[in-house]
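Numbering of the sequence shown is given in the numbering used here, commencing with residue 62 and proceeding in unit increments.
This report refers to the structure that appears directly beneath it.
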Amino acid sequence: MNKVKNYEILAPVGSPDMFKAAIASKANAVYLAGTKFGARAYANNFSIEELDNLIKTAHKNDMKVYIAVNTLVKDGEFSELYDYLCDLNRLDVDALIIQDIGVYSFIKKYFPDFELHASTQMAVNNLNSAKFIEKLGFDRVVVGREVSLSEIRQIRDNTNLEIEAFVHGSLCVSVSGQCYISSYIGQRSGNRGRCAQPCRKSYDLLDRNNRKISQVSDTLISARDLMTIYDIDQMIDAGVFSLKIEGRMKKPEYVYSVVNEYRNAIESSKFDTDNLTLVSNRKFTKGLFFGDFGRKYYQSKDDVAGVNIGIVEYKNRKSHIILQKDVFKGDVISVETQKSKKLTITITDDYQKGQKVYLEKFPDLRDQSDVYKIFSDKIVQNLENDINNPVKKSIDISIMASIDENLSAKIVYQDFEFELSSDFVVQEASKNPTTKEQIEEQMSRMGNTDYIISNINVTVDNLAFVPKSKLNELRRDITSELDEMIINRKEKRILPYKPMAVKNRKSNRTEYQLNYEYYHNLNEGLDLNNFTRIYSHNIDDLKNLRDKFIGEIFYVLPRIMYQEDYDDIKVKLLENDIYYDGISANSLGDIEFARPLNKKIHLESFMNVFNSEAIEFFRKHDIKDISLCTELNLDEISQLRLDNIRSEIIGYGRMAQMLLKHCPASVIKGCVDDSNCSSCPFRKDISLENETDLLGVVRANGYSEVLTDKAINIINIKSEIDDIGVAQIRIIDREEDDIVNIVNEFNDVYLKGIKPKGRKNHYLGHYKMGVI
């Protein structure tokens with residue numbers, strides 16, 4: 062299907078200077094955000110006026126502009142979103158990048174002409190998910206960082222979607238769109254563009270008895286920076302069209318260096334990774350695309366940034382550096398003292414490999430310690446030079462100057478070809494006719510325009526006279542017309558906004574039902590008559606569960622699924638067809654997979670159903686059974702349009718804050734892959750701890766979940782739950798010792814109406830405060 066014929070280098074832009082760097086490096090496209098609804102709320106995002114000028118400039122430089130509108134949106138924000146999209150609609154935006162399925166539905170309803178790209182936050186990590194979004198009319202998918210090359214090939218071969226993938230830059234260690242740790246720790250939601258990056262902190266690894274497994278604390282859930290430059294041809298061959306560089310909060314020289322080196326790697330196979338190292342703060346990994354795991358994937362707090370350029374020699378109480386690479390005036394190096402203190406020194410002259418650099422002001426450097434270059438002034442100088450001397454666009458023109466006819470020109474630029482006719486009628490000269498050479502000289506004076514004439518053909522009558530002022534006027538008309546043709550604004554439709562009706566807060570109140578979720582083994586002490594539905598993660602336990610339980614049984618699909626996983630699970634589900642009633646879906650691909658099974662479909666909270674637009678979308682797709690996103694507070698839930706929806710919230714359970722292909726214990730154990738995870742003693746009952754947080758970790762099905770230390774428990778706020786219009790309460794059992802007592806208490810309070818015993822201050826997650 063969409064066989065890749067070429068590629069696009071997609072650069073990040075978070076400031077005007079970064080945009081200049083993208084132009085200077087000749088990026089094919091840039092992605093950025095306005096001041097609202099972007100997933101980097103703390104970047105220097107752009108006003109509408111700034112976007113207008115930026116897009117015009119980009120298009121004049123043959124560069125596309127994609128605007129990120131990729132946060133989850135609350136019900137009360139859609140009016141503001143409409144106004145914002147109206148502003149974007151009048152600009153010539155090449156595409157919008159979106160995460161929220163409710164935002165997708167909203168855009169299709171009111172702004173049907175936008176090209177749409179599915180953000181990596183949408184967690185499209187398999188062929189089924191790609192097929193689902195293609196049917197919705199998406200033009201491009203940004204695949205997750207956890208997707209394999211073989212899965213990318215399947216998307217290439219079985220859809221017509223353009224494929225975009227991150228090839229360089231900082232990595233979110235969690236599956237995109239599936240990280241809630243920032244919101245649980247400090248209310249700042251990554252899905253709303255406000256991630257505080259607690260994953261970058263140092264943690265101790267503890268066993269089930271809270272004893273330290275690790276000798277020293279380290280950044281066990283912090284990934285290295287991605288670098289695929291050695292394997293970029295494989296990425297393109299697999300079907301990746303858009304090569305995306307992460308880094309909207311980086312510096313201009315980062316954009317300039319990374320774009321240039323990746324283009325060099327593709328076009329000539331000649332590149333310098335030192336230039337990549339010098340604009341990064343971390344070591345590099347080839348990423349999950351190429352199977353890096355454990356120590357190859359994570360960033361230790363002790364890892365050194367920069368390019369190793371020499372070693373220190375300490376003799377006679379004096380220090381000098383023996384250079385192993387050239388250094389230049391303005392470079393900054395990092396050295397270590399005998400007391401292990403790091404110092405930065407700016408080089409004041411040029412030095413070549415093999416030379417000694419004497420450091421009289423720093424006599425106490427550690428002998429035989431490595432020296433690292435951490436800043437290259439040459440990169441900055443090259444960037445400034447390219448910004449100040451932009452490459453001009455080559456055009457071909459033909460000038461016709463025939464007596465008694467209008468002065469005219471024919472212009473060719475890339476695929477554009479047009480003719481212009483001046484108001485001036487060429488006259489016969491009374492003396493000194495205009496020569497061909499004079500016309501060529503005058504028309505070639507393109508000055509400060511974006512153009513340069515490569516070929517000029519002049520046809521002029523022997524006695525013709527054309528004033529220089531008319532030639533100048535024609536030249537200005539040519540450049541103006543070229544600008545307009547390149548910018549070429551396309552009119553996009555806007556339909557009138559009709560807000561959803563305000564919900565009657567108590568219109569959906571009904572009798573409560575309890576639902577129970579378990580992972581491995583059903584607790585034999587439970588009275589199953591308490592439950593309306595049971596969610597099981599154990600596909601091999603469905604028959605046993607059916608023998609014991611007469612209510613609904615739903616099988617919960619693993620949270621990361623590739624196409625071969627679907628094939629394997631489908632066989633088992635068909636064998637157990639009579640023992641279960643529905644599928645609980647964690648992704649859009651799960652929906653695509655579940656439909657042919659002719660079972661009920663339930664959406665897990667990880668689907669991030671965050672607003673009434675999303676609920677309405679799924680209702681129209683005949684899915685009316687939804688666990689609401691856990692980042693909503695009670696007041697926000699109460700405003701949702703839940704008519705004819707079987708909506709569910711979490712009543713009790715430890716919440717999954719992160720979803721990782723990476724395993725924190727692999728760093729300690731030295732694992733090179735995940736082949737022994739099923740028998741590893743660290744697959745459960747371990748935790749991560751630092752001075753402020755304690756996080757549980759469990760590993761199954763090839764991924765790790767990082768859990769909240771405390772379980773959400775809404776037993777004491779039934780009167781507030783009464784008002785939100787949700788009747789389904791789920792209890793999650795992660796093999797808690799007191800689960801039987803917890804279930805009995807929920808049965809008493811929510812089903813029998815008995816007041817709870819005592820008034821403990823239970824953990825309420827986001828139900829009270831919500832997220833920002």
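Ideal placement from N, C-alpha and C gives every residue a C-beta, glycine not left out.
Margin query: Measuring straight from C-alpha to C-alpha, what distance separates SER568 and ILE711?
Written below: Below a pLDDT of 50, predicted positions are generally treated as unreliable, and SER568, at 45, falls in that range; the measurement from the model is reported next regardless. Taking the straight line joining both Cα atoms gives about 21 Å.
Next item on the list: Determine the extent of the beta strand (DSSP E) in which GLN837 is found, giving its start and end residues.
Entry: Here the chain has residues from 62 to 833 only, and residue 837 is not among them.
Margin query: Using 8 Å as the threshold, is the C-beta distance between SER430 and ASP392 below it?
Written below: No; because the gap between Cβ atoms is not below 8 Å, this pair is not in contact.
Next item on the list: Helix, strand or coil for SER469, going by three-state DSSP, please let me know.
Entry: Of the three classes helix, strand and coil, the one that applies to SER469 here is strand, per DSSP.
Check: With a Cβ-Cβ cutoff of 8 Å, do ALA88 and ILE70 count as a contact?
Finding: In this structure, ALA88 sits near ILE70, with a CB-CB distance shorter than 8 Å.
Next item on the list: Could you check what DSSP says for VAL228 in three-state terms: helix, strand or coil?
Entry: DSSP places VAL228 in strand when its eight states are reduced to three.
Next item on the list: Could you round the C-beta distance between GLY163 and VAL130 to whole angstroms and report it? I think they count as a contact, below 8 Å.
Entry: Contact between GLY163 and VAL130 is absent: CB atoms are separated by about 12 Å, not below the 8 Å threshold.
Checklist line | Sequence-distant residues of the same chain with beta carbon closer than 6 Å to ASP746, five excluded per side | finding: Here the set comprises ARG269.
Margin query: Mapping the DSSP letters down to three states, classify GLU223 as helix, strand or coil.
Written below: In the structure shown, GLU223 falls within a strand segment according to DSSP collapsed to helix, strand and coil.
Notebook entry, point to check: If you follow the beta strand (DSSP E) that SER286 is part of, which residue opens it and which one closes it?
Noted result: Looking at the sequence provided, one finds Asp at residue 286 rather than Ser. Where ASP286 is concerned, the enclosing beta strand (DSSP E) stretches over 286–288.
Check: When you compare only the Cα positions, how much space is there between GLU502 and ALA156?
Finding: For GLU502 and ALA156, the distance between alpha carbons rounds to 41 Å.
Check: What alpha helix (DSSP H) runs, 4 residues minimum, are completely inside the segment 69–138?
Finding: Listed in chain order, the complete alpha helix (DSSP H) runs (minimum 4 residues) inside the segment 69–138 are 77–85 and 109–121.
Next item on the list: Under 7 Å Cβ to Cβ from ARG570, same chain only, skipping five residues before and after it: list those, please.
Entry: Residue confidence is low: ARG570 scores 47 on pLDDT, short of 50, so the model does not pin down where it sits. No coordinate-derived value is stated.
Next item on the list: Over the uninterrupted beta strand (DSSP E) stretch that includes GLY757, give me the two end residues.
Entry: Unbroken beta strand (DSSP E) run through GLY757: 755–761.
Margin query: What residue range does the beta strand (DSSP E) around TYR375 cover?
Written below: Looking at the DSSP string, the run of the beta strand (DSSP E) that includes TYR375 is 368–376.
Checklist line | Under the three-state DSSP convention, the category GLU545 falls into | finding: Of the three classes helix, strand and coil, the one that applies to GLU545 here is helix, per DSSP.
Item checked: Classification of SER237 by the beta-carbon crowding that lies within 10 angstroms, buried from 16 upward -> Only buried fits SER237, as 16 or more other CB atoms lie within 10 angstroms of its CB.
Next item on the list: Excluding the 5 residues preceding and the 5 following LEU404 in the sequence, name in chain order all residues of the same chain whose CB lies nearer than 6 Å to its CB.
Entry: Close CB contacts of LEU404 within its chain, under the 6 Å cut and outside five residues either way in sequence, are with VAL396 (chain order).
Checklist line | Pairwise C-alpha distance: VAL388 and LEU420 | finding: Cα to Cα, the separation comes out at about 14 Å.
Note to self: For SER180 and PHE350, which I take to be in contact (beta-carbon distance under 8 Å), what is that distance rounded to the nearest angstrom?
What the structure shows: The Cβ separation is near 18 Å, so there is no contact.
Item checked: Residue range of the beta strand (DSSP E) that includes ILE394 -> In the DSSP assignment, ILE394 falls within the beta strand (DSSP E) that extends over 393–397.
Check: Would the beta-carbon of ILE644 fall within 8 Å of that of LEU658?
Finding: Their beta carbons are under 8 Å apart, which means ILE644 touches LEU658 by this criterion.
Margin query: Need the endpoints of the beta strand (DSSP E) that LYS551 sits in, please.
Written below: Unbroken run through LYS551: none, as it is neither H nor E.
Notebook entry, point to check: So LEU481 is in the alpha helix (DSSP H); what residue range does that whole segment cover?
Noted result: Here LEU481 belongs to no alpha helix (DSSP H); instead the beta strand (DSSP E) covers 477–486.
Check: Between TYR512 and the rest of its own chain, which residues show a CB-CB distance below 7 Å, the 5 nearest in sequence each way excluded?
Finding: Same-chain partners within the cutoff: LYS453, LYS454, ILE456, THR540 and LEU543.
Item checked: Unbroken beta strand (DSSP E) run spanning LYS49, endpoints -> The question about residue 49 has no answer here: the residues shown for the chain are numbered 62 through 833.
Item checked: CB of ILE652 within 8 Å of CB of PHE167, strictly -> Note that the C-beta distance between ILE652 and PHE167 is not below 8 Å.
Check: From which residue to which residue does the alpha helix (DSSP H) around ALA462 run?
Finding: ALA462 -> not in any alpha helix (DSSP H); beta strand (DSSP E) instead, spanning 454–462.
Next item on the list: Could you work out which residue in GLU572, GLU797, ILE548 and ALA104 is closest to ALA257 when comparing CA atoms only?
Entry: The option with the nearest alpha carbon to ALA257 is ALA104.
Notebook entry, point to check: Cβ atoms of ILE630 and ILE662: under 8 Å apart, would you say?
Noted result: No, Cβ-Cβ distance for ILE662 and ILE630 is not below 8 Å.
Note to self: Does ILE595 pass the burial test, meaning 16 or more other C-beta atoms within 10 Å, or should it be called exposed?
What the structure shows: When all chains shown are included, ILE595 counts as buried.
Margin query: Please list the terminal residues of the continuous beta strand (DSSP E) segment that includes GLU766.
Written below: Residues 764–774.
Margin query: Within 8 Å, do at least three Cβ pairs link the segment 401–415 to the segment 337–357?
Written below: Contact between the segment 337–357 and the segment 401–415 is absent, because fewer than three Cβ pairs lie under 8 Å.
Note to self: With a threshold of 7 Å on Cβ separation, who are the neighbours of PHE654 within its own chain once the five nearest residues in sequence on each side are excluded?
What the structure shows: Within the same chain, PHE654 has close Cβ partners ASN189 and TYR627.
Next item on the list: Tell me, to the nearest whole angstrom, how far the beta carbon of SER231 is from that of ASP286; I am working on the premise that it is less than 8 Å.
Entry: Going by Cβ atoms, the distance from SER231 to ASP286 rounds to 6 Å, so yes, they are a contact pair.
Check: Would the beta-carbon of SER243 fall within 8 Å of that of GLY251?
Finding: Contact: yes.
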